[in-house]
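Letter by letter, the sequence shown follows residues -24 to -1, 1 to 158 in mature numbering (1 follows the signal peptide of the UniProt record, and there is no 0). We treat Cβ as the ideally placed atom computed from N, Cα and C, and that holds for glycine. What follows is one structure encoded as structure tokens, with my remarks underneath.
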Amino acid sequence: MKKSNQSVLVSKLFLLITAGVLWSCEGPIGPQGPPGQDGLDGVTIVGEVFEIIGDFTQSGNFGIRGEYGFDLVESDKVLIYRLGGVDQEGNDIWRLIPQVVFHQNGIFTYDYDFTFYDYSIFLTGDFDLNTLEPGFRNEQVFRVLIVPADRIDLRMDFSNHQAVLNLLGVDEEDIRRYPVGN
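Below is the structure:
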């Protein structure tokens, strides 16, 4: 027996309406989820910038060490720049370390490491570092920049000292300066 077009259409329409009703039904709302952690209301986390001057000596294992005076947040990025000189217009030239230097005696590097509480800037080389001229070891000026993770733009060129200062909203006169030993 052959079904009429009208009965086929009605049965398909009935099937479509039934499927739509079944999919659109909702069950009871589930229980409330656990609350999230509260943030610090009204606190803006800003970066820290300070400048240190120190000497690399054999008695100090060719290192300069210091403490921040505050605890870092795990996601903070620590950048250290070395004052490499002054350009023709009198502007400071800051170089991001680690910095490799090719010297007549061999190769040496200004490098650093850090923890949540302190930092260490040190010289390493493939020759006796006592033979380095005083200009490479004494009265070395470094800037320590602590960039909060929420301020980091991964496309940024972190070797550009001024761009990082601008990101942090720090002016030259706001930078604290500390002489340190070794």
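Q. When the Cα of Gly42 is compared with those of Tyr93, Arg113, Ser(-14), which residue comes out closest?
A. Locating residue 42 in the sequence shown gives position 66, where the first residue counts as 1. Per the Cα distances, Tyr93.
Q. Less than 8 Å separating the beta-carbons of Tyr86 and Arg58?
A. Locating residue 86 in the sequence shown gives position 110, where the first residue counts as 1. Locating residue 58 in the sequence shown gives position 82, where the first residue counts as 1. Remark: C-beta atoms of Tyr86 and Arg58 approach each other more closely than 8 Å.
Q | Span of the beta strand (DSSP E) around Phe90 | A | The residue you call residue 90 lines up with position 114 of the sequence shown. Start and end: 82 to 90.
Q. Hey, how far is the Cα of Asn37 from the Cα of Pro11?
A. In the sequence shown, counting from the first residue as 1, residue 37 sits at position 61. In the sequence shown, counting from the first residue as 1, residue 11 sits at position 35. Straight-line Cα distance between these residues: approximately 51 Å.
Q. Skipping 5 residues on each side, what residues in its chain have a beta carbon closer than 7 Å to that of Asn106?
A. Within the sequence shown, numbered from 1, the residue matching residue 106 stands at position 130. Hits under 7 Å: Gln34.
Q. For Leu134, which residues of its own chain have a beta-carbon under 7 Å away from its beta-carbon, when the five flanking residues on both sides are left out?
A. Here residue 134 refers to the residue found at position 158 when the sequence shown is read from its first residue. It is Phe, not Leu, that sits at residue 134 in the sequence shown. Leu55, Leu72, Val140.
Q: Starting from Gly111, trace the alpha helix (DSSP H) both ways and give me its first and last residue.
A: Looking up residue 111 in the sequence shown gives position 135. Per DSSP, Gly111 belongs to the alpha helix (DSSP H) from 110 to 113.
Q) My guess is that Val120 and Phe26 are in contact by the Cβ rule of under 8 Å, so how many angstroms apart are they, rounded? A) The residue labelled residue 120 in the question sits at position 144 within the sequence shown. The residue labelled residue 26 in the question sits at position 50 within the sequence shown. About 6 Å separates the two Cβ atoms, so the contact holds.
**Q.** Range of the contiguous alpha helix (DSSP H) that encloses Gln138
**A.** As a first step, residue 138 is located in the sequence shown; it is residue number 162 there, counting from the start. Residues 137 to 144.
Q: Count the other C-beta atoms from every protein chain shown that fall within 10 angstroms of the C-beta of Leu(-10), then say buried if there are 16 or more, exposed otherwise.
A: Within the sequence shown, the letter at position 15 stands for residue -10. Residue environment analysis places Leu(-10) among the exposed positions, since fewer than 16 neighbouring C-beta atoms fall within 10 angstroms of its C-beta.
Q: Taking Val156 as the reference, give the member of Ser(-18), Phe32, Pro110 with the closest Cα.
A: Position 180 of the sequence shown, counting from 1, holds the residue named residue 156. Selection Ser(-18), Phe32, Pro110 evaluated against Val156 yields Phe32 as nearest (Cα-Cα).
**Q.** Arg152 versus Ser51 - alpha carbon distance
**A.** Position 176 of the sequence shown, counted from the first residue, corresponds to residue 152. Position 75 of the sequence shown, counted from the first residue, corresponds to residue 51. Cα to Cα, Arg152 sits roughly 23 Å from Ser51.
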